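Asks: Following this note's numbering, the numbering of the sequence shown begins with 94 at its first residue and continues without gaps. For glycine and all other residues, C-beta sits at the position ideal for the given N, C-alpha and C. Since we're looking at a predicted model, the values are computed, not measured. My questions all concern the structure below.
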Amino acid sequence: MRELVAETSLGASDLILPLFYADVNREIPSMPGVFQHDRDSMLRAVHDALDAGVRCVDVFGVPTDKDDIGSGAWDPEGILNRGLRALREEFGNDIMLMADTCLDEFTSHGHCGVVTEDGVVDNDATLPLYQKMAVAQAEAGAHIVSPSGMMDGQVGAIRNALDDAGYIDVAIMAYSAKYASAFYGPFRDAVGSSLHGDRTTYQQDPANARESLLEVELDIEQGADFVMVKPALPYLAVLRAVADISTVPVAAYQVSGEYAMIQSAVHWGNREALMMESLLSIKRAGANQILTYFATEVAQKL
94 MRELVAETSL GASDLILPLF YADVNREIPS MPGVFQHDRD SMLRAVHDAL DAGVRCVDVF
154 GVPTDKDDIG SGAWDPEGIL NRGLRALREE FGNDIMLMAD TCLDEFTSHG HCGVVTEDGV
214 VDNDATLPLY QKMAVAQAEA GAHIVSPSGM MDGQVGAIRN ALDDAGYIDV AIMAYSAKYA
274 SAFYGPFRDA VGSSLHGDRT TYQQDPANAR ESLLEVELDI EQGADFVMVK PALPYLAVLR
334 AVADISTVPV AAYQVSGEYA MIQSAVHWGN REALMMESLL SIKRAGANQI LTYFATEVAQ
394 KL
C-alpha cells in the first residue's frame, strides 16, 4: 500500500555517478569507497554502473602538472580528455559522458579562473579558457559539459563556442546555484586541490536564496540544458524553489561532505537507510537528476 500511494519514487536512471580519473588507482582517504581511477579501474567502474542501470557519469580529471591558467584542461593529452576518449571508445553512446568544465583541478592556485596579480579572480578573462576547455571535451567525446566555476556569462560563452565548433548536440549542465560550502572538503582531497584562500567572491552566499533563482534564470536564458543546485541536502529549500521556476531539468549534487557523513553512519546508525532516505528527500524536493557517489550501489539495490 505504501508503494501504491507513494508520491515520490527513485530510479536508477535518476542517478549520475561522479568519477575521478588519474594516473594511479587509489582510494580517497576522506571518502571511503571512492577512488581516483586509472584507466582500467575507471572502465570497470563504469561497466558496473551501466550494468546497474546508471546511464550517466560525470568525469573529473586529477592532473599531476598544473600551471597558473590551467592549460592542461584543454590539452588533448590532458588527463581529463584522455579519460573521456577512453570511455567513449569503450562505451560509445551506451552511457552519457559528462565532463567537469572548470579550471580548479588544473590551476596551481586552485581557483576556478584566471587570478590577477592582486589575487582577484578575473571573470571575463576566464571565459575564453572555458570555451577552449568545453570544445576540447566535446572533441574527446563528452555528450554533456558541466561548467562549475560560477563565472558570470559562462553558459552563453560555452554555448557559442560549442556551436561555432560544430558541436550543436553537446548539452550543458550548468552549476547555476553552487554555494561556497564547507561540505566540499573531501572533494578537494579527491582532486588534489591546490586552493589558496576560498571561493566566496564567485560562489553563492549560503545566506541567500533569491540570488540563486536569478542565477538559474540567467543560465537558462543563455542556453543551459540542465541547471544544478549544489550541495543538495543543506539546500533543499533552494532546490524546491529552483524546481518551481525552471523550464529545464533540475539536477542536485550530493557532495563529498554529505557522502562522507553518511558513510560514517556505519559506526552509529543504519547507513543504508540513511543513504536511501537522503536521496529520496533530494528527489522529493524537485531534483530530476542526482549526482551521488552512491549511484552504483543504490542502483543495484533498486
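Mapping DSSP to helix, strand and coil, what is Phe-199?
Replies: If you number the sequence shown from 1, residue 199 lands on position 106. Coil.
Asks: By the three-class DSSP mapping on this structure, what secondary structure does Tyr-223 have?
Replies: Here residue 223 refers to the residue found at position 130 of the sequence shown. Tyr-223 falls in the helix class under three-state DSSP.
Asks: Could you check the C-alpha separation between Gln-315 and Trp-361 for me, to the nearest Å?
Replies: The count along the sequence shown starts at 1 and reaches residue 315 at position 222. The count along the sequence shown starts at 1 and reaches residue 361 at position 268. Near 46 Å, if we compare the C-alpha coordinates of Trp-361 and Gln-315.
Asks: Tell me whether Ser-239 sits in a helix, a strand or coil according to DSSP, three-state version.
Replies: Taking the sequence shown and counting its residues from 1, one reaches residue 239 at position 146. Strand, per DSSP.
Asks: Return the Cβ separation of Asp-107 and Ile-383 in integer angstroms, given the expectation that the two are a contact with Cβ distance under 8 Å.
Replies: Taking the sequence shown and counting its residues from 1, one reaches residue 107 at position 14. Taking the sequence shown and counting its residues from 1, one reaches residue 383 at position 290. With a Cβ gap of about 6 Å, Asp-107 and Ile-383 count as contacting.
Asks: How far does the beta strand (DSSP E) with Glu-382 in it reach, from first residue to last?
Replies: As a first step, residue 382 must be located in the sequence shown, where it is residue number 289. Just to set this straight, residue 382 is Gln in the shown sequence, not Glu. Note, Gln-382: beta strand (DSSP E), 382-384.
Asks: Spell out the partners DSSP gives Glu-120 in its beta bridges.
Replies: Position 27 of the sequence shown, counted from the first residue, corresponds to residue 120. Partner(s): Phe-128.
Asks: How about Ala-353 and Ile-375: do their beta carbons lie closer than 9 Å?
Replies: Reading the sequence shown from its first residue, position 260 is the one you call residue 353. Reading the sequence shown from its first residue, position 282 is the one you call residue 375. For Ala-353 and Ile-375, no; Cβs fall outside 9 Å.
Asks: Whose CA, out of Asp-257, Ala-267, Ile-237, Leu-373, lies closest to the CA of Arg-148?
Replies: Position 55 of the sequence shown, counting from 1, holds the residue named residue 148. It is Ile-237 whose Cα lies nearest to the Cα of Arg-148.
Asks: Taking Cβ positions, are Ile-109 and Ala-336 nearer each other than 9 Å?
Replies: On the sequence shown, residue 109 is found 16 positions in, with the first residue counted as 1. On the sequence shown, residue 336 is found 243 positions in, with the first residue counted as 1. No, these two residues do not count as a Cβ contact at 9 Å.
Asks: Is Met-94 helix, strand or coil by DSSP?
Replies: Against the sequence shown, residue 94 aligns to sequence position 1. In this structure, Met-94 counts as coil in the three-state DSSP scheme.
Asks: Should Val-155 go down as buried or exposed, given a rule of 16 or more other Cβ atoms within 10 Å for buried?
Replies: Counted from its first residue, the sequence shown places residue 155 at position 62. Buried: at least 16 other Cβ atoms inside 10 Å.
Asks: Can we say the stretch 201-211 touches the stretch 260-279, given the rule of at least three CB pairs closer than 8 Å?
Replies: Result no; under three Cβ-Cβ pairs closer than 8 Å.
Asks: Take Tyr-260 and list the residues in its own chain whose beta-carbon comes closer than 6 Å to its own, dropping the five residues that flank it on each side.
Replies: For the purposes of this step, residue 260 is identified with residue 167 of the sequence shown, where counting begins at 1. Excluding sequence neighbours, Tyr-260 sits near Ala-231.
Asks: Considering only heavy atoms of the ligand HEM, does any lie closer than 8 Å to the CB of Cys-205?
Replies: Among the ligands in the structure shown, none appear at all, so the ligand HEM cannot be discussed.
Asks: From Glu-351 to Val-127, what does the alpha carbon distance come to, in whole angstroms?
Replies: In the sequence shown, residue 351 corresponds to position 258, counting from 1. In the sequence shown, residue 127 corresponds to position 34, counting from 1. When rounded, the separation of the alpha-carbon atoms in Glu-351 and Val-127 is 13 Å.
Asks: Quick one: Cα of Gly-165 to Cα of Ser-201, how far?
Replies: By one-based count along the sequence shown, residue 165 stands at place 72. By one-based count along the sequence shown, residue 201 stands at place 108. So the two alpha carbons sit approximately 11 Å from each other.
Asks: Return the residue from the list Tyr-268, Glu-170, Asp-291 that minimises the CA-CA distance to Cys-195.
Replies: In the sequence shown, residue 195 corresponds to position 102, counting from 1. For the residues Tyr-268, Glu-170, Asp-291, the minimum Cα distance to Cys-195 belongs to Tyr-268.
Asks: Please confirm whether Met-191 and Ala-229 have their CB atoms less than 9 Å apart.
Replies: Position 98 of the sequence shown, counting from 1, holds the residue named residue 191. Position 136 of the sequence shown, counting from 1, holds the residue named residue 229. Cβ distance not < 9 Å, so Met-191 and Ala-229 don't count as in contact.
Asks: Could you tell me which whole alpha helix (DSSP H) segments of length 4 or greater appear in the stretch 292-328?
Replies: 303-315
Asks: Pick out whichever of Leu-173, Asp-257, Asp-144 has its Cα sitting closest to the Cα of Thr-157.
Replies: In the sequence shown, residue 157 corresponds to position 64, counting from 1. Minimum Cα distance to Thr-157 is reached at Leu-173.
Asks: From which residue to which residue does the alpha helix (DSSP H) around Tyr-260 run?
Replies: Position 167 of the sequence shown, counted from the first residue, corresponds to residue 260. Neither: Tyr-260 is in no alpha helix (DSSP H) and is coded neither H nor E.
Asks: Check Lys-394 in the structure and name its three-state DSSP category.
Replies: Taking the first residue of the sequence shown as 1, we reach residue 394 at position 301. The answer is helix: DSSP assigns Lys-394 an H, G or I state.
Asks: Shortest alpha-carbon distance to Ala-258 belongs to which of Ile-265, Thr-293, Gln-224?
Replies: Residue 258 sits at position 165 when you count from the first residue of the sequence shown. Among Ile-265, Thr-293, Gln-224, the Cα nearest to that of Ala-258 belongs to Gln-224.
Asks: Between Val-348 and Gly-379, which are expected to be in contact by the criterion C-beta below 8 Å, what is the C-beta distance as a whole number of angstroms?
Replies: Along the sequence shown, one-based indexing puts residue 348 at 255. Along the sequence shown, one-based indexing puts residue 379 at 286. In fact, because the Cβ distance is near 17 Å, the residues do not count as touching under 8 Å.
Asks: Is it buried or exposed for Gly-185, if we count other Cβ within 10 angstroms and need 16 for buried?
Replies: Counting from 1 along the sequence shown, the entry for residue 185 is found at position 92. Counting Cβ neighbours within 10 Å, Gly-185 comes out exposed, since fewer than 16 surround it.
Asks: Tell me the DSSP secondary structure of Pro-279 in three-state form.
Replies: Within the sequence shown, the letter at position 186 stands for residue 279. Reduced to three states, the DSSP call for Pro-279 is helix.
Asks: Would you kindly check if the distance between the Cβ of Arg-377 and the Cβ of Thr-101 is under 9 Å?
Replies: Walking along the sequence shown from the start, residue 101 turns up at place 8. Walking along the sequence shown from the start, residue 377 turns up at place 284. Cβ distance < 9 Å, so Thr-101 and Arg-377 count as in contact.
Asks: Measuring alpha carbon to alpha carbon, tell me which of Lys-271, Asp-141, Ile-162 ends up nearest Glu-210.
Replies: Mapped onto the sequence shown, residue 210 falls at position 117. The option with the nearest alpha carbon to Glu-210 is Ile-162.
Asks: Considering just the uninterrupted stretch of the alpha helix (DSSP H) at Leu-103, what are its terminal residues?
Replies: Mapped onto the sequence shown, residue 103 falls at position 10. From DSSP, Leu-103 is part of no alpha helix (DSSP H); its letter is neither H nor E.
Asks: Can you grab the Cα-Cα spacing for the pair Ala-218 / Gln-247, in whole Å?
Replies: For this step, residue 218 is matched to residue 125 along the sequence shown. For this step, residue 247 is matched to residue 154 along the sequence shown. When rounded, the distance between both Cα atoms is 11 Å.
Asks: Report yes if the C-beta distance between Asp-318 and Ile-265 is below 9 Å; otherwise report no.
Replies: For the purposes of this step, residue 318 is taken as the residue at position 225 of the sequence shown. For the purposes of this step, residue 265 is taken as the residue at position 172 of the sequence shown. Contact: yes.
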